[in-house]
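Participant: Position one of the sequence shown corresponds to residue 1 (UniProt numbering), numbered consecutively onward. Sending over a structure as structure tokens; questions will come in a sec.
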Amino acid sequence: MAEANPGCKACSGPKGCMCCKCTSDNCCTDKGCSAGCKACSGPKGCMCCKCTSDDCCTDEGCSAGCKACSGPKGCMCCKCTNDDCCTDKGCSAGCKACSGPKGCMCCKCTSDDCCTDEGCSAGCKACSGPKGCMCCKCTSDDCCTDEGCSAGCKSCSGPKGCMCCKCTSDNCCTDEGCSAGCKACSGPKGCMCCKCTSDNCCTDEGCPVGCKKCSGPKGCVCK
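In structure tokens:
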């Protein structure tokens, strides 16, 4: 009886051997099974599994972000959203590690305008985007100054960190603050002026007899 070939097992066939088929013969070398191939009972004793990509394989082993598998080169590469978040030192700011070709996955953020060399701009919050910042939109940038939010504006997470509410009129606003009969609000100048029925009931001393105070331009309403 002829001697059994490698990868074949003895049987009662014409030559005394039964050979099982393997996925590929390309994983067989003179030394044995190639890297990423596992032994089997096929014609050459090796079975090669397919991997997603060979690009993640180097002479030293699996590239960064690739995990070992039983494929032709022993590595399997997962796809990531973006390679721009990868640097020689690792994942860029705002990117998180993954098993992709470069080991990083970059999430998209609303805007890059909120990102500076120092980090996130005022009114922006950190996220896992290409630059690590997410900028929310605010109603108006006019209420923002170099020092911060203008009078009557409140902080928010917008491009400049301020949100300005609209008020009825700016005429009730002075350099000192709100004019007589105006009440403070969160508008561009911090004052809101209500209209009154008549100005005839207003004097330099105040409201005449029969008039009551209100939040109008002169602070009096006449019945």
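Using N, Cα and C, we set each Cβ at its ideal position, and we do this for glycine too. Remember, predicted model here, so these are calculated numbers, not experimental data.
Would you kindly report the start and end of the unbroken beta strand (DSSP E) that includes K212?
Facilitator: K212 -> beta strand (DSSP E) spans C211 to K213.
Participant: By DSSP, does C57 sit in helix, in strand, or in coil?
Facilitator: Looking at C57 - three-state DSSP - the assignment turns out to be strand.
Participant: For a test of the three-state rule: what should DSSP assign to K31, helix, strand or coil?
Facilitator: Reduced to three states, the DSSP call for K31 is coil.
Participant: Quick check: the Cα distance between S179 and T145, rounded to an integer number of angstroms?
Facilitator: Roughly 23 Å separates the two Cα atoms.
Participant: Suppose you measure from the CA of A39 to the CA of C115; what does that come to, to the nearest Å?
Facilitator: Near 53 Å, if we compare the C-alpha coordinates of C115 and A39.
Participant: Do C46 and C28 have their beta-carbon atoms positioned less than 7 Å apart in this structure?
Facilitator: Contact flag set, yes.
Participant: Roughly how many angstroms lie between the CA atoms of C214 and S92, to the nearest whole one?
Facilitator: Each residue's Cα considered, the two are about 59 Å apart.
Participant: How is the beta strand (DSSP E) around K183 delimited, first residue to last?
Facilitator: K183 -> beta strand (DSSP E) spans C182 to A184.
Participant: Could you give the DSSP three-state label for C46: helix, strand or coil?
Facilitator: Three-state DSSP puts C46 in a strand.
Participant: So is G90 buried or exposed if we call it buried at 16+ other beta carbons inside 10 Å?
Facilitator: So G90 ends up on the exposed side.
Participant: Helix, strand or coil for C172? Go by DSSP, reduced to three states.
Facilitator: The answer is coil: DSSP assigns C172 none of H, G, I, E or B.
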